[in-house]
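In the numbering used here, the protein residues as written are 50 to 240.
Here is the structure we will look at.
Written as structure tokens, this is what we have:
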């Protein structure tokens with residue numbers, strides 16, 4: 050599945066992000082707590098996703114979760130680009146990063162379930178191989194980008210590219226949903 054392959058984000062807890070957060074004044078104790086909260090939110094996604102899928106189905110759960118991921122990362126970019134007070138910046142930054150893990154994990158599970166539903170068993174291994182290859186390629190590109198933009202004070206550049214790749218993945222997935230279902234919102238449920 051291409052959407053998450055192109056969305057290998059630089060906004061998880063990587064060394065460049067941690068270096069940037071330390072540079073702008075956050076201490077390692079707070080960063081450790083926020084990393085734990087983000088981890089808990091990700092694990093919560095494994096519990097929330099089946100509940101949503103039971104109600105919405107895997108495809109619509111994937112749609113809701115990838116856009117939840119994109120919108121919460123938009124909060125992170127807002128926090129990184131605007132001169133807000135310390136508390137507002139911290140809430141947007143850490144709240145957005147933690148909440149994004151929920152969407153990321155839910156989408157990851159939905160994506161893999163859809164892959165299993167839509168793919169003939171004989172092709173699953175080759176498609177999964179391509180998927181992991183693309184994920185590794187974009188993971189490598191995040192490190193190349195970190196080498197190119199190595200100054201932690203310019204972290205907004207790779208962070209914006211990362212968030213933009215998530216939005217791009219969300220648009221591609223939305224197109225898939227539209228093509229597969231013929232609509233994005235269930236018309237009968239709107240009445």
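Ideal placement from N, C-alpha and C gives every residue a C-beta, glycine not left out.
In the DSSP assignment, find the alpha helix (DSSP H) that holds residue i and state where it starts and stops.
i	result
residue 135	135-167
residue 225	205-230
What would DSSP say about residue i, mapped onto helix, strand or coil?
i	result
residue 78	helix
residue 185	helix
residue 127	helix
residue 132	coil
residue 198	coil
residue 234	coil
residue 177	helix
residue 121	helix
According to the neighbour-count rule (16 or more other Cβ atoms, all chains shown, within 10 Å of its Cβ), is residue i buried or exposed?
i	result
residue 96	exposed
residue 174	exposed
residue 170	exposed
residue 186	exposed
Can you check whether the CB of residue j is closer than 8 Å to the CB of residue i?
i	j	result
residue 243	residue 124	Only positions 50 to 240 of the chain appear in the structure, and residue 243 is not among them; the question remains open.
residue 159	residue 98	yes
residue 110	residue 152	no
residue 156	residue 118	yes
residue 3	residue 212	Look at the range of the chain in this structure, 50 to 240, and you will see that residue 3 is not part of it.
residue 116	residue 218	no
residue 234	residue 226	no
residue 126	residue 208	yes
residue 197	residue 129	no
Cβ-heavy atom distance between residue i and the ligand ZN below 7 Å?
i	result
residue 135	Because no ligand of any kind appears in the structure shown, any question about the ligand ZN cannot be addressed here.
Start-end ranges of the alpha helix (DSSP H) lying completely within the segment 68-115, minimum 4 residues: Scanning the segment 68-115 for uninterrupted alpha helix (DSSP H) segments of 4 residues or longer gives 77-105, listed from N- to C-terminal end.
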